[in-house]
Amino acid sequence: MKGIQAEAGVDAYIIEGEAKAGFKVFGLNIDARAIIAIAIAESSLGTQGVATAPGANMFGFGAFDNNTTNAQNFSDDKAVIKMTQETIIQNQNTSFAIQDQKAQLLSTGNLNVAARGGVYCTDASGSGKRRAAIMESIDKWIDAHGGISEISKELLNTSSVAMMAVPTSYSVSRANQAGNYVAGTYPWGQCTWYVFNRTKELGYQFGPFMGNGGDWKNKPGYQTTHEAKTGYAISFSSGQAGADRTYGHVAIVEDVKEDGSILISESNVLGLGTISYRTFSAAEAAQLTYIVGEK
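Structure below.
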């Protein structure tokens, strides 16, 4: 699929409904191209300025003129979430065009913050327009390198029936102890909560900040593969095999048959905190993305 073209010039959007589907980050409906553009403009992808301080993020989030070290309280993951929820959505900075307009109004003392929200950039020289141009450059790079892959239509429409019990001919190597699962950074009952805990029972471990289910396969530091093995996590993209269209989904491989078909277990398909099972044929299983946890 060709790279999705950013809206011309300064009108490049940031959040979905305005941003383009398929480029979302952390299930937050924020356009990944905009995130990259912000990181390039703010810190040359973390290589300059405040971003070089230990623990600081590459987006300049949390760095105030009178307290630049505050940025060290926000890692990249935390900064993306807070920036999206507060700076972009709550303060109505949903396009680079809006950001430039508000910066101009602020510079002349005419910005009504109560009505229009606070500014993202105080720079009134057209920083939004420059960031929109970066988004367009990203599109050109995507097109020049083969575009982005689409979810197989076969797999997109595949959502086998979820079952409360392990189906006949499949087995699990170890019963889950869900009653003892912790709910720290992953809310109780969610798919992430289940996989984070279940993988430990099967000999693997994942970190406490993997993101939403669809984000797990993109987490740096973890190997991904299309070959299933018991204990591997499965990260479903939004809409893939019935996954949530905003957050995606994550499950775990319980059994792999000689013919390549697999059994998975997961939570929050039949209800919050409810553990259920599904099977996928060998052809379907080969299209899924598996994440290998730490031993």
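Take the sequence shown: its position 103, counted from the start at 1, is 103 in the UniProt record's numbering, and no numbers get skipped.
Note that CB positions come from ideal geometry on N, CA and C, so glycine has one too.
Extent of the continuous beta strand (DSSP E) run through residue i
i: glutamate 266; result: 262-267
i: serine 169; result: Per DSSP, serine 169 belongs to no beta strand (DSSP E) and is neither H nor E.
i: alanine 183; result: That residue, alanine 183, is in no beta strand (DSSP E); it is neither H nor E in DSSP.
i: aspartate 255; result: 249-256
Element boundaries [alpha helix (DSSP H), containing residue i]
i: alanine 282; result: 282-285
i: serine 107; result: 96-107
i: valine 113; result: 113-116
i: isoleucine 138; result: 127-144
i: valine 80; result: 76-82
Residues that residue i bridges to, as DSSP identifies them
i: threonine 225; result: Tyr290
i: arginine 278; result: Ile264
i: isoleucine 40; result: BP columns for isoleucine 40 are empty, so no partner.
i: glutamine 205; result: Glu294
i: serine 235; result: Val250
i: phenylalanine 64; result: Asn67
i: aspartate 244; result: Gly248
Beta-carbon separation (whole angstroms), residue i vs residue j, contact threshold 8 Å
i: threonine 185; j: phenylalanine 206; result: Actually they do not touch by this definition, with Cβ atoms about 11 Å apart.
i: tryptophan 216; j: alanine 228; result: In fact, because the Cβ distance is near 15 Å, the residues do not count as touching under 8 Å.
i: tyrosine 247; j: alanine 162; result: Rounded, the Cβ-Cβ distance is 17 Å, inconsistent with contact.
i: glutamate 201; j: asparagine 176; result: 6 Å
i: alanine 41; j: arginine 130; result: 6 Å
i: tyrosine 170; j: threonine 279; result: 7 Å
i: serine 43; j: alanine 51; result: 4 Å
i: valine 195; j: isoleucine 252; result: 5 Å
i: glycine 213; j: serine 235; result: 6 Å
Cβ neighbour criterion (16 or more within 10 Å) applied to residue i
i: lysine 2; result: Note on lysine 2: pLDDT 44, under 50, position unreliable in the model; no value is reported.
i: tryptophan 141; result: exposed
i: tryptophan 188; result: exposed
i: histidine 249; result: buried
i: alanine 71; result: buried
i: asparagine 197; result: buried
i: leucine 263; result: buried
i: threonine 225; result: exposed
i: aspartate 31; result: buried
i: glutamine 190; result: buried
i: asparagine 57; result: buried
i: serine 127; result: buried
i: leucine 272; result: exposed
heavy atom of the ligand PLP below 6 Å from residue i C-beta
i: alanine 162; result: The ligand PLP is absent from the structure shown, which contains no ligand whatsoever.
Check: Quick check: the segment 76-91 against the segment 48-67, are there 3 or more CB pairs under 8 Å?
Finding: yes
Under 8 Å: do the segment 85-98 and the segment 108-122 share three or more Cβ pairs, one atom per stretch? yes
task = Indicate whether the contact test is met: 3 or more Cβ pairs, each with one atom in the segment 97-106 and one in the segment 63-80, closer than 8 Å.
result = no
* **Segment contact flag, the segment 276-289 with the segment 234-244, C-beta cutoff 8 Å, min 3 pairs** => yes
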